[in-house]
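Below is one structure, written out as structure tokens; the observations come after it.
2 protein chains.
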Amino acid sequence: MSKIDDLVDAEMSNVVSDLQALIRQPSVSARKQRLVECANLVAKIMEVAGIENEILYQHQLDNKKEQREGEVDDAPPIVYGEYKSKSNPNGRTILFYNHYDVQPEDPLDLWEGKDAFSGKVEGNYIFGRGSADDKGELITRIKAVEYYLKKTGDVPCNVKFVVEGEEEVGSPHLKDYLINYQTKFRCDGVIWESGFIDAKGIPIISLGQKGILCVELITKGPCRDVHSSLAVLIENPAWRLITALNTIRSVTGEILIKDWYKEVRAFTDEELAVLENEPFNEDELKKVYGVQKFLNNAKGIAVKIAFAGSPTCNISSLISGYSGEGSKTVLPATARAKLDFRLVPEMDPERQMHRLTKHLREHGYNTEQEIEVKFLSGEGAARVPISIPFLKPVKEAALEIYGDFIISVSSAGTGPMYYFQKILGAPCVCIGGSELSNKSHSPNESMRLDLLNKTIKCMAKILEKTNTY
Amino acid sequence: MSKIDDLVDAEMSNVVSDLQALIRQPSVSARKQRLVECANLVAKIMEVAGIENEILYQHQLDNKKEQREGEVDDAPPIVYGEYKSKSNPNGRTILFYNHYDVQPEDPLDLWEGKDAFSGKVEGNYIFGRGSADDKGELITRIKAVEYYLKKTGDVPCNVKFVVEGEEEVGSPHLKDYLINYQTKFRCDGVIWESGFIDAKGIPIISLGQKGILCVELITKGPCRDVHSSLAVLIENPAWRLITALNTIRSVTGEILIKDWYKEVRAFTDEELAVLENEPFNEDELKKVYGVQKFLNNAKGIAVKIAFAGSPTCNISSLISGYSGEGSKTVLPATARAKLDFRLVPEMDPERQMHRLTKHLREHGYNTEQEIEVKFLSGEGAARVPISIPFLKPVKEAALEIYGDFIISVSSAGTGPMYYFQKILGAPCVCIGGSELSNKSHSPNESMRLDLLNKTIKCMAKILEKTNTY
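Residue numbers (numbering that gives the first Met the number 0), protein chains in the order written: chain A, 0 to 468; chain B, 0 to 468.
Now the structure itself:
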């Protein structure tokens, strides 16, 4: 038990109403929608919690100060929060990294009658885009500090918050902020924006994230959509896109670009041992996602190695030609595919981008005229060594609140952990209250109320333990 | 000169205003939009012209008469028009086949400030979806009859009109109408719904049309769009679609499905001689469509043979995943491609559909569960022999009005000519007033006013000549 458990239980309706207020701001970074408004709301919730707060705008960054007056920021602001422990001002500092932006809500028709931004509560669940990723996780951290202050007038260690608004589009400006505010953000360890609870209710403490390279391939055909009878004479850019894509990946998922895997290192024996012990409910995962088998019929340790350590090439979007009902016999002017390549440590997004472009050129695609290879975003991968001391308070907190924990070498997802490690030099640890079945990034995203409650208590416990290691 | 040339010149503002009224009905058959309204308008214009007219509904067809009361027709109606020549009631009958439906207007943002359904006139052009294909062509035929009646109180031969509302979606119900009304529609020759004028102002008299098979391929992945980090374990249906498509067509455009070309016969020597003489401005075509070269760098007779006689496989639509701005890292639940295969005489759409499905199965795609092969529409190809007598009045009319003509073995496009030949046993000849630069099926579709004028005169001349051969 943490010191504030009874207060957390008493205040759950306040937790839910603040989370609802956050969900009701449709802060979709892909559309740059209501981001400043959502940042203001986060700052207001911190204010009420008693946390010193500040909104950091892009134009305040040192390298942006010469920006012309009236020019609008490209980047949404970061909400910074801080509380210096009165009892332990020279002790350790924990930084909570979160984000207030969300994924787009479409396809809207699959939200089962629930508004994507309603924050509706049904039984033990709160629904809505961001209810888990990441507004649900964010609220647990703010509330842990709020109730600590309310109960004791202090927090057991120094606390900082960095809450950004571009995580779902690859955090393109976070690096600038981290470099600019290196001193302000200094800390001994970062609690990452999210973490999973497995089907048995045990938290997974994850120590790494894959990187990502997002690109768009755009093939160009005739100067406009033309009548498809001309397909006999005019090359269709959709066919060029398909043959180009087909050179990139084998049917077994292997990426066929030269040197793609050059920097990939195998897991160490220590990592493999942790992987071996990591529970992984294959059947549950298949059931949740409605698939009969995994890619290449993978099973056992192969699944775990792939999940934690294999690069991927995913198609997230294909668009060409007529998108309406029925037939329209056109030969499209363009065809577009968006790809996201997950990367593992030492794979550099820019270098991989260069290799992709070179690959297409060498396969006969003119990357100047015929096919545009557009860089959308890139982030490096990160893995924290299993031996870091900062893991101790997190493990102890998890054990006290949940009775058990699982260590995971790396999550399969991506975030800007790489920048925190490189720029702040701080170890990052993922722990949170999300479940696989929360449908993050999908329709009907939800969060369990009892896990919101437990996660606040766990965060409080981490604060209590941080100065003990 | 035809007998009504001066009247046509005097009445051009009436021609334009009736065409504008037609364009202003957005009768998009792919969306089943305002089709009955447009049919009523066509009937009204015929009525004013003095042409007996009737709207034929699907539920009136013999095989539909047991349809329950209140049930809505799947098919839009056909507008039937007739005028029996008083001076020549037992002479020949010409049937004008046209359609009042249009292609969808998107992409809307490429309409250069012009509403797709405005019918705006600028200089020598009228703009709008359907201004050429096929409302512009339709109006020339109605007006030829109208002005003949106005000037002489009669027409020189019997005239019939069949104006359907589903040509742009493959005329799925026309066959039923033709079978049902075989007697009513009986005629000696059909003037087809459209025909082209070349860059030098010479009409192309075309004697054939390719067939078509439209299908949709739908691949299925997880039960909903999921986070793309799962691409390491879950097969992405967009990748399955791409590998499947890649088995269908070679980079040179050859269709790789077994027996696809089995029934295709080569052109006869007579057809080849006509093809040789057919002018074909390769540079002009490349300029209009903004391409540097043709598929496989084809030139000369190879271009003509391909255009008139080669089957194609075109992608008219690709859709998967996130279609908005920016990145959304999802692994899509489904991926969809719409294909249209152009067919040549003796290729049967149903048999080709069966070959496609078999091909996918033999290449390891489970067509029950993993990939759905959906039939959208199919039409056979048609070619009228070069020696038919009905060609004589058409050639003579073209010679008198335009000073020259070109005979084309077959157009590259598709229409339901096959049914007219098989069911009515009537030869079909294409002649009209459209230009390649009219941008039919594309944004900024237009029709030249001087060609509307000339085409009315040419139609009048055909009526004059029909009883002379």
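In this text, a Cβ means the ideal position worked out from N, Cα and C, and glycines have one as well. Note that the structure is predicted; figures quoted are calculated from it, not measured.
- For the stretch 95-118 of chain B, the beta-carbon criterion of a distance under 8 Å to any beta-carbon of chain A is satisfied by 102, 103, 105, 106 and 109.
- At a C-beta separation below 9 Å, residue 364 of chain A has no neighbours in chain B, since its nearest C-beta there lies roughly 11 Å away.
- In this model, residue 257 of chain B and residue 365 of chain B are separated by some 18 Å (Cα to Cα).
- At a Cβ-Cβ threshold of 8 Å, residue 136 of chain B and residue 166 of chain B do not count as neighbours.
- Under a criterion of Cβ atoms nearer than 9 Å, the residues of chain A adjacent to residue 440 of chain B are, in order, 224, 225, 226, 227, 327, 328 and 329.
- Per DSSP, reduced to three states, the secondary structure at residue 320 of chain B is strand.
- Under a criterion of Cβ atoms nearer than 9 Å, no residue of chain A is adjacent to residue 25 of chain B; the nearest Cβ is some 13 Å distant.
- Across the set B:71, B:134, B:32 and B:110, the C-alpha of B:134 shows the shortest separation from the C-alpha of residue 433 of chain B.
- Annotated as proximal: residue 448 of chain A and residue 123 of chain A, with beta-carbon spacing under 8 Å.
- For the options B:285, B:336 and B:386, the alpha carbon positioned closest to that of residue 371 of chain B is the one of B:336.
- The three-state secondary structure of residue 56 of chain B, taken from DSSP, is coil.
- Judged by beta-carbon spacing, residue 320 of chain B lies beyond the 8 Å limit of residue 230 of chain B, meaning their Cβ atoms are not closer than that value.
- In this structure, DSSP gives residue 107 of chain A a helical state, which the three-state scheme calls helix.
- For residue 309 of chain A and residue 207 of chain A, the gap between their C-alpha atoms comes out near 13 Å.
- Nearest to residue 194 of chain A by alpha-carbon distance, out of A:466, A:429 and A:151, is A:429.
- DSSP places residue 19 of chain A in the helix class (H, G or I) of the three-state scheme.
- Within the same chain, and ignoring the five residues on either side of residue 72 of chain B in sequence, the residues whose Cβ sits closer than 7 Å to its Cβ are 56, 57 and 58.
- Residues of chain B with a Cβ closer than 8 Å to the Cβ of residue 293 of chain A are, in chain order, 232 and 233.
- For residue 276 of chain A, the enclosing alpha helix (DSSP H) starts and ends at 268-276.
- In the three-state reduction of the DSSP assignment, residue 222 of chain B falls in the coil class, being assigned neither a helical nor a strand state.
- Identification of chain B residues near residue 248 of chain A by a Cβ-Cβ cut-off of 8 Å yields 238, ordered along the chain.
- The way I'd put it, the stretch 267-277 of chain A doesn't touch the stretch 344-357 of chain A; fewer than three beta-carbon pairs between them come closer than 8 Å.
- Taking the beta carbon of residue 316 of chain B as reference, the chain A residues within 7 Å of it are 319, 320, 321 and 322, listed in sequence order.
- Counting C-beta pairs with one atom in each stretch, the stretch 35-53 of chain A and the stretch 13-31 of chain B have fewer than three that are closer than 8 Å, which means they do not touch.
- Three or more Cβ pairs drawn from the stretch 76-86 of chain A and the stretch 156-172 of chain A lie within less than 8 Å of each other, which places the two stretches in contact.
- Straight-line measurement puts the Cα of residue 189 of chain B at about 11 Å from the Cα of residue 91 of chain B.
- Around the CB of residue 112 of chain B, fewer than 16 other CB atoms lie within 10 Å, so the residue is classed as exposed.
- Close CB contacts of residue 315 of chain B within its chain, under the 6 Å cut and outside five residues either way in sequence, are with 337 and 339 (chain order).
- In the DSSP annotation of this structure, residue 361 of chain A is not part of any beta strand (DSSP E); the continuous alpha helix (DSSP H) holding it starts and ends at 348-361.
- Against chain B, the beta carbon of residue 313 of chain A has neighbours under 8 Å at 227, 230, 235, 328 and 330, listed in chain order.
- Residue 297 of chain A reaches chain B at 232, counting residues in chain order whose Cβ is nearer than 7 Å.
- Annotation for residue 224 of chain B: 329, 331 and 332 place their beta carbon closer than 6 Å to its own, counting only its chain and skipping 5 residues before and after.
- Excluding sequence positions up to five before and after residue 103 of chain B, its CB lies within less than 7 Å of the CB of 27, 29 and 30, all in the same chain and listed in chain order.
- Secondary structure of residue 233 of chain B (DSSP, three-state): coil.
- When DSSP states are grouped into helix, strand and coil, residue 286 of chain A belongs to the helix group.
- Residue-level contact check: residue 176 of chain A does not touch chain B, since none of the beta carbons of chain B fall below 8 Å from its beta carbon.
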